[in-house]
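Quick note, the sequence shown lines up with residues 1 to 713 if you use the UniProt record's numbering. For glycine and all other residues, C-beta sits at the position ideal for the given N, C-alpha and C.
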Amino acid sequence: MEQQNLPLAEDPPQLLERRVRSPQRPLSVLRSRIREEAACSVPRARSTLLGFFPVISWLPKYKVREYVWGDAMSGLIVGIILVPQAIAYCLLAGVQPIYGLYTSFFANIIYFFMGTSRHVSVGIFSLMSLMVGQVVDREVFQAGFDLNDSPDQGSINGTGVASNLSAATLDVMGVAYSKECYAISIAAALTLLAGIYQVLMAVFRLGFVSVYLSAPMLDGFATGASLTILTVQAKYLLGLKIPRHQGYGTVVVTWINIFANIQNTNLCDLVTSAICIFILVAGKEIQDRYKSRLKIPLPTELVVVAGATLASHFGNLNGLYGSSVSGHIPTGFIPPKVPSLDLMPRVALDAVPLAVISFAFTVSLSEMFAKKNGYTVRPNQEMLAIGCCNIIPSFFHCFTTSAALAKTMVKDSTGCQTQVSSLVSALVVLLVLLFFAPFFYSLQKCVLACIIIVSLRGALRKFRDLPAKWRVSRADAVVWLVAMAATALISVEIGLLVGVVFSMVCVIFVTQNPKVSLLGRSEDADLYEDLEEYENLAAPAGVRVFRFQAPLYYANKDSFLRTLYEAIGVDPFLETTRRRKAEKKAAKRLAAKQTSKDDPENQKNGELCKGLVPRRELDFHTIVLDCSAIPFIDSAGTGAFAGLVKDYGEVGVGVLLAGCNTPVIDALRRGAFFGEKDRDMGLRLFYTVHAAVLSANRRAAAAAGRAADDSQV
């Protein structure tokens with residue numbers, strides 16, 4: 001049946017009419033945006049200041065009677081938890097414990113002024129500490145320091161360099177460094193660069209980068225990093241003196257080294273670790289089981305640290321059994337120092353994943369707790385805030401920070417209302433810095449390792465969620481497994497890259513193999529749905545309705561065409577090729593019957609040979625493409641649509657579109673799919689599938705009537 005592409009009087013008029021919008025030139029838009037951003041006025045300056053320092057907006061409205069008790073309690077509890085964790089995470093970062101206290105203090109102060117979240121606790125985080133520690137250990141090792149040596153315990157002078165420059169002092173790029181000084185110099189340079197990257201991302205509105213860090217990928221990455229952290233800390237549990245592995249395969253190589261040196265286990269550290277882990281896990285389990293009855297979290301870490309410190313001091317565990325201790329932690333602050341510019345090129349690339357992960361965790365936690373408590377945050381300001389939480393503290397010998405889930409949950413559960421709680425936490429850290437830091441001299445490193453390992457319970461429990469994740473979405477489960485395995489078995493940086501790339505590949509794979517279906521009409525309504533999924537549906541007579549549920553672009557246009565041909569049962573290209581071959585054979589047979597090549601009837605019969613090949617009879621005359629599930633289309637997709645119209649037209653089948661959204665319509669218009677000045681838009685485009693089916697049947701009936709009239713003539 002031939003499809004006549006002519007407008008028919010019985011086709012109903014379009015019920016909707018697009019608004020005509022004047023096109024805006026990109027250059028003029030850019031100029032107006034620059035003019036708007038560069039405009040200077042008192043209201044704009046005030047708005048900019050309030051946006052940069054949100055504390056100016058909310059602090060004058062602070063409800064003292066309602067908020068102060070909750071903020072004070074949550075800040076005090078978080079501060080108590082923060083102190084032992086700040087000291088412990090320095091083991092991961094490869095620096096002295098005092099720098100963890102500095103980092104916690106300055107991060108809380110700066111976020112108080114610049115953060116938009118009321119509940120997020122910003123400070124040291126195990127994952128950030130691990131990533132910093134890997135860079136620090138690599139650079140310390142390459143500089144020629146022995147990773148087996150304990151850091152110099154001498155006093156620290158105003159420049160941050162150990163005052164007792166012993167044989168462990170090396171000349172690095174013309175500067176004399178002790179191992180401790182070089183380690184914190186690397187960490188500070190790395191932190192400054194990460195903060196600069198984050199501020200630049202905020203300035204250029206690059207917060208969308210976090211979109212590519214999917215939740216399954218981040219969970220798998222965090223779990224893989226947790227396995228790495230556990231592995232790195234295992235040597236402290238056993239009191240083994242083995243260096244941190246440099247390069248890929250840290251988890252595997254470290255466990256090989258541990259078992260190779262297992263005979264050197266320090267029994268004192270082993271017993272202490274077993275006792276501490278038992279107490280910490282028991283405290284966490286009690287907290288989880290009875291959290292509805294407990295008004296405040298149990299300060300298990302503080303109890304363990306206090307008890308272990310007293311036992312180590314009075315039992316002289318370091319002197320009698322060789323148990324490794326934290327050593328001298330000075331009081332007060334070291335004068336600020338500009339991070340070494342000479343070291344920055346060495347860590348410039350390492351700062352990129354640090355900046356992205358720090359920002360991603362901070363923004364995700366901010367948005368999560370903002371939704372939970374009924375307010376909003378500004379992701380771009382959060383990126384700016386966490387960037388400043390890294391830039392400014394880097395001048396005070398600090399390392400990279402981000403929001404921490406565990407401490408944020410503690411703040412939320414203990415009545416936190418505003419970031420005043422961060423000031424209280426900073427005050428607790430300040431008291432330790434000024435008065436109580438030396439009391440941690442005898443604290444065993446194995447105790448700190450126990451605190452770190454037990455804090456990983458949440459991330460390691462993700463393994464229990466894997467079966468449920470597999471049932472919900474196999475793609476998400478595979479992404480989680482790949483990110484976790486790559487992070488744990490290769491390296492943290494490679495794991496992040498592999499996780500992001502694999503997540504994007506999975507998205508592309510899904511769009512390349514989308515759900516396709518033939519639709520049928522409901523018996524009771526003008527609804528069209530999948531014939532295989534629903535009952536009481538019937539395919540409309542003479543029409544095939546095809547739905548493609550994915551964007552149509554260069555990567556899946558071939559899949560679109562293949563699945564359409566399979567569903568319809570007719571490949572127009574193959575059908576046309578078959579007819580042409582048959583026509584050639586018919587032409588040859590006809591030519592063989594001619595007595596002379598110059599016979600004037602020869603050319604006439606050759607032209608009529610097409611009529612000798614009967615056209616394949618099809619049980620449909622029109623294909624309706626339901627485009628309601630196609631969010632966008634590119635030039636390749638537009639070309640695929642145009643090819644369908646041409647190819648199916650050669651076999652007598654029309655192609656109509658239904659349910660296109662405005663971006664798809666605009667893309668088709670730009671690709672001249674509807675002809676010059678969109679003359680064919682009313683013939684090929686319909687708002688609903690039912691309207692397209694009715695129009696197709698009317699046209700087919702009219703074409704059949706004209707064919708009957710022609711045959712009578």
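- Apart from sequence neighbours up to five positions away, the residues of its chain that approach Gly637 with a beta-carbon distance below 7 Å are Leu552, Tyr553 and Lys557, ordered along the chain.
- Around the beta carbon of Glu17, fewer than 16 other beta carbons sit within 10 angstroms, so the residue counts as exposed.
- The beta-carbon distance between Ala459 and Ala222, rounded to whole angstroms, is 5 Å. This is short enough to meet the 8 Å contact definition.
- Comparing C-alpha distances from Asn380 to each of Gly115, Ala488 and Val352 shows the shortest one belongs to Gly115.
- Annotation: the continuous beta strand (DSSP E) that includes Ile623 extends over Phe620 to Asp626.
- In the three-state reduction of the DSSP assignment, Tyr290 falls in the coil class, being assigned neither a helical nor a strand state.
- Closest in alpha carbon position to Ser364, among Arg65, Ile110, Ser214 and Leu685, is Ser214.
- Of the residues assessed, Asn513 falls on the exposed side of the cut-off, its CB having fewer than 16 other CB atoms within 10 angstroms.
- C-alpha of Ser559 to C-alpha of Pro23: approximately 34 Å in a straight line.
- Annotation: Ala488 to Ala225 spans about 6 Å, alpha carbon to alpha carbon.
- At a Cβ-Cβ threshold of 8 Å, Lys284 and Val78 do not count as neighbours.
- Secondary structure of Arg544 (DSSP, three-state): strand.
- Following the DSSP letters along the chain, one finds Arg521 inside the beta strand (DSSP E) bounded by residues Val516 to Ser522.
- Note that the C-beta distance between Ile329 and Tyr197 is not below 8 Å.
- Per DSSP, the continuous beta strand (DSSP E) segment holding Val655 begins and ends at Gly654 to Ala658.
- The C-beta distance from Glu575 to Val651 rounds to 5 Å, short enough to fall under 8 Å.
- In the structure shown, the three-state DSSP call for Gln85 is helix.
- Rounded to whole angstroms, Ile124 and Cys506 show a C-alpha spacing of 33 Å.
- For Val492, the closest C-alpha among the options Phe106, Ile98, Lys63 and Ser129 is that of Ser129.
- Secondary structure note for Glu676: it is in no alpha helix (DSSP H), with a DSSP letter that is neither H nor E.
- Bridge partners of Gln444 according to DSSP: Val325.
- Closest in alpha carbon position to Ile256, among Pro243, Leu267 and Tyr177, is Pro243.
- In this structure, Ile277 lies near Val454, with their beta-carbon atoms less than 8 Å apart.
- Note: Ile633 is bridge-paired with Leu552 in the DSSP secondary-structure output.
- Residue Gln549 holds the alpha-carbon nearest to the alpha-carbon of Thr511 among Gln549, Val420, Ala403 and Arg698.
- Looking at the backbone, the Cα of Val424 and that of Leu431 are separated by about 11 Å.
- DSSP, reduced to helix, strand and coil, places Phe204 outside both helices and strands of the structure shown, so it counts as coil.
- Measuring C-alpha to C-alpha distances from Phe105 to each of Ile262, Phe53, Asp219 and His397 identifies His397 as the nearest.
- In this chain, the beta strand (DSSP E) harbouring Tyr528 covers Tyr528 to Asp530.
- Taking a C-beta distance under 8 Å as the contact criterion, Ser312 and Leu443 qualify as a contact pair.
- About 23 Å separates the Cβ atoms of Ile87 and Glu139, ruling out a contact at the 8 Å cut-off.
- Put simply, of Asp626, Gly639, Gly220 and Cys389 the residue whose alpha carbon is nearest the alpha carbon of Phe112 is Cys389.
- With a 10 Å radius around the Cβ and a threshold of 16 neighbouring Cβ atoms, Gln233 comes out buried.
- Phe399 has its alpha-carbon roughly 8 Å from the corresponding atom of Tyr99.
- Taking 8 Å as the cut-off, the Cβ atoms of Val570 and Leu618 count as close.
- Taken through DSSP and simplified to helix, strand or coil, Ala189 comes out as helix.
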